[in-house]
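The block underneath contains the structure these notes are about, expressed in C-alpha cells.
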Amino acid sequence: MDNPKRCLLLIDLQNEFLSPAGNFPIDGTIQLALNESVSKAVRDFRATTDAVLWVRSEYTTGTTLPRDLDYLRGTHTGKTPCCEPNSVGAAFPDSIAALQVSQDLVLTKTWYSAFTDTALQDELNAQGITSVYIGGLLTNVCVRATAEEAHALGFTVLEDCLGFRKYRSHHQALRQIREGGIQVAMRHEALGVPLQEPVLYYVNGSIPSWRVLMALYEKEIPFSPIRLRVMSNPKETRSAAFLELNHRGKTPVFVDPLPHTSGSTETEKVTINESIAILQYIETYHRPERPLLPPVSQRRARALALARIQETENLHNLYDALEDAHFGEKAGEPLHEEERAALVANVHAELDYWEVYASKSAYIAGDEFSLVDCAFFPLLGYMVHRGFDWERPVDGGEPVSKGGSDAWPHLRAYFDRVWERGREKGCAKRAQPAGWDRRGRVNVWTG
1 MDNPKRCLLL IDLQNEFLSP AGNFPIDGTI QLALNESVSK AVRDFRATTD AVLWVRSEYT
61 TGTTLPRDLD YLRGTHTGKT PCCEPNSVGA AFPDSIAALQ VSQDLVLTKT WYSAFTDTAL
121 QDELNAQGIT SVYIGGLLTN VCVRATAEEA HALGFTVLED CLGFRKYRSH HQALRQIREG
181 GIQVAMRHEA LGVPLQEPVL YYVNGSIPSW RVLMALYEKE IPFSPIRLRV MSNPKETRSA
241 AFLELNHRGK TPVFVDPLPH TSGSTETEKV TINESIAILQ YIETYHRPER PLLPPVSQRR
301 ARALALARIQ ETENLHNLYD ALEDAHFGEK AGEPLHEEER AALVANVHAE LDYWEVYASK
361 SAYIAGDEFS LVDCAFFPLL GYMVHRGFDW ERPVDGGEPV SKGGSDAWPH LRAYFDRVWE
421 RGREKGCAKR AQPAGWDRRG RVNVWTG
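No gaps in the numbering here: position 96 of the sequence shown is 96 in the UniProt record's numbering, and each next residue is one more.
The following block contains the structure:
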C-alpha cells in the first residue's frame, strides 16, 4: 500500500449486526443507509490509493471483567453470544465482503476498542498514516471506544458511516465524542470531496420525510441523509444552521448541488422545502430515464397525477387534526369521546374517496406505481402505525354504510401491494421510519 497517509478504519461490519439472523441486528432502514455510505467512503479512498482497514470482533461468551473497569475499556460479557469465533455472526456479510480487496488489512479484536491487544497502532505507524477516518458500528460502543483511545492520533468520525440500534444512544455518543475533542463530520466534509449528490435533511417518523425518501429510493438517486431530532431540547430543527435552510424549522429539506460551471471553485446549491415541491423537483431534475409521472404528451394522465398528489393533503390535514387533538389531550387539553369520534369520522369519510380511486386501478393514479403513490402511501403507513385497523365502527350491532371489519377493501389491497412491491428493496420498506417494524404503542383512533 505505498505508504498512504490516510486510512479508512471500518469497525464491526459483521453478520451479528447486519443480518436479520444476527443476535444484535440494526434496523433495516439504518443498515441500508450505512451500506450505501460505507460503499461511497471505500470508493473515495480507493480513488486516492489510501488505505482501507477492516476491524472485526470476536467475543468469547462467559468472559468476566473487574467490576471497576470502565465500560468502554471492556469487552462483551452478556449472556447472548456476540461475534463468537468461527460463527456465522462473526463473518462479514456478502455486501461488505464485496467491498474488500486483497490489499486491505483485516484485524480481529477481542475488546471494544480496536487498539486494545491488537497490532492496529503498529500498522498505522508502519504505513505512515497520519489521519484516520472511522466508520462502522455500534456508535455508542466500539466506535466510541476506539475513537476515544485514539484521541491524540488525529481521528475523524464519519457521521454518515455509522450504524446504531437506538438513535438516542447514537446521538448521545456523538455528543460525548465531540466533547472529548474528536472531530465528527459528514463524509464529503471530512474528506474534502466536492458535494456531488443531494443532501436530505429529514425527521424519522415524519410523513413528509417518508414521501421524499420513497421517491429517492424508487428513482435510485444517490443522496446523503441527515437525520434531525425533534424530541431533543432544543430541537435540532431550530438550530441557526438549519433555520438558514428553512426558516420555519421544518423537514424535509432537499439541498441539491448544481453542476460546476467553468471557472467556478464553489458548489452552488438549490434548497427546496415542502415535501410535494421536493417530489416534483426530483421528478423534473433527477433520473428522467426513471419517470414517476406520465410524460407531458399524455396531458390527461399527467393532469390526473398532479391533482391526486395535491389531493393527498386533504387526508394529511384531517389526520393531523386527529393526532393533534390526541396529543393535546396528553398535554392536559381534554378530548371528549364525541370530539374524537367526529375527527375519526372525518378521516373515514376522506378515505371513502381514496377507496374509489383504489378500486379503479392497481395504484392510486393508474396501473403503474407513480409519484402519487410516494405522496399517498406514507399517509396510510403512518395511520396504521398509529393504530388504524381498516375497521369502521358499527351502530347498534349493525354495520354502518361501508362499515365493518374491512371497510376499505381496495385501499387495503393497495396498501399491501405497495408494501410488498420489490420486497426488502422496495421503496416503501426502505423508506419506512427506523424502528417501525411493529405498530406503535400510541393509538390515536381509540385513545
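No residue lacks a Cβ here, since even glycine has one placed at the ideal position from N, Cα and C. Because the structure is a prediction, the values reported are computed rather than measured.
By a C-beta neighbour count over all protein chains shown, 10 Å radius and 16 as the cutoff for buried, is residue i buried or exposed?
i	result
K109	buried
G181	exposed
N15	buried
F223	buried
L158	buried
A122	Before going on, a small fix: residue 122 reads as Asp here, not Ala. With fewer than 16 Cβ atoms within 10 Å of its Cβ, D122 is classed as exposed.
F327	exposed
V270	exposed
P163	Residue identity differs from the one stated: residue 163 is Gly in this sequence, not Pro. Buried, because 16 or more other Cβ atoms sit within 10 Å of the Cβ of G163.
P399	Confidence at P399 is low in this model, with a pLDDT of 49, below 50, so its placement is unreliable and no value can be given for it.
V106	exposed
P225	buried
K429	buried
G78	exposed
D320	exposed
H336	exposed
L34	buried
S113	buried
Q310	exposed
T130	exposed
Which of the three DSSP states is assigned to residue i in this structure?
i	result
A51	strand
N443	coil
Y133	strand
V230	coil
E159	strand
Q183	strand
V106	strand
residue 448	Shown here, the chain extends from 1 to 447; a query on residue 448 therefore has no answer.
residue 448	Nothing about residue 448 can be read from this structure; the chain reaches only from 1 to 447.
A173	helix
C142	helix
Q115	Contrary to the premise, residue 115 reads as Phe rather than Gln in this sequence. In this structure, F115 counts as coil in the three-state DSSP scheme.
R211	helix
V88	helix
E123	helix
E236	helix
L191	helix
A241	helix
A150	coil
Y285	helix
L216	helix
residue 453	Nothing can be reported for residue 453: it is not among the residues displayed for the chain, which extend from 1 to 447.
R178	helix
Q100	coil
Give me the DSSP bridge partner(s) of residue i.
i	result
P225	L200
V253	Y201 and N273
K166	According to DSSP, K166 bridges with nothing at all.
S57	K109
R46	Per DSSP, none; premise fails for R46.
C7	A51 and V132
Is there contact here, the region 412–420 with the region 245–254, by at least three beta-carbon pairs under 8 Å? The region 412–420, when compared against the region 245–254, does not touch it at the 8 Å Cβ threshold.
Inspect the CB distances between the region 200–220 and the region 17–25 and report whether three or more fall short of 8 Å. no
4 or more residues per run - each alpha helix (DSSP H) lying fully within the region 9–40: 15–18
Which runs of the beta strand (DSSP E) at least 3 residues long sit entirely within the UniProt domain "GST C-terminal" (298–435)? Give them in chain order. 392–395 and 398–404
Taking contact to mean 3 or more Cβ pairs, one atom from each stretch, closer than 8 Å, check whether the region 283–299 and the region 364–374 are in contact. yes
Pair every Cβ in the region 212–220 with every Cβ in the region 192–204, then say whether three or more of these pairs are closer than 8 Å. yes
For the region 112–127 and the region 82–97, state whether three or more C-beta atom pairs, one from each stretch, are separated by less than 8 Å. no
Across the region 97–109 and the region 47–57, are there enough close Cβ pairs to call them in contact, namely three or more that are closer than 8 Å? yes
Can you find at least 3 beta carbon pairs, one from the region 159–172 and one from the region 44–51, that sit closer than 8 Å? Segments in contact, no.
Is it a yes or a no for the region 361–369 touching the region 314–322, going by three-plus beta-carbon pairs under 8 Å? no
Are there three or more Cβ pairs, one per stretch, closer than 8 Å when the region 270–288 is compared with the region 338–357? no
Three CB pairs or more closer than 8 Å across the region 379–387 and the region 296–307: no
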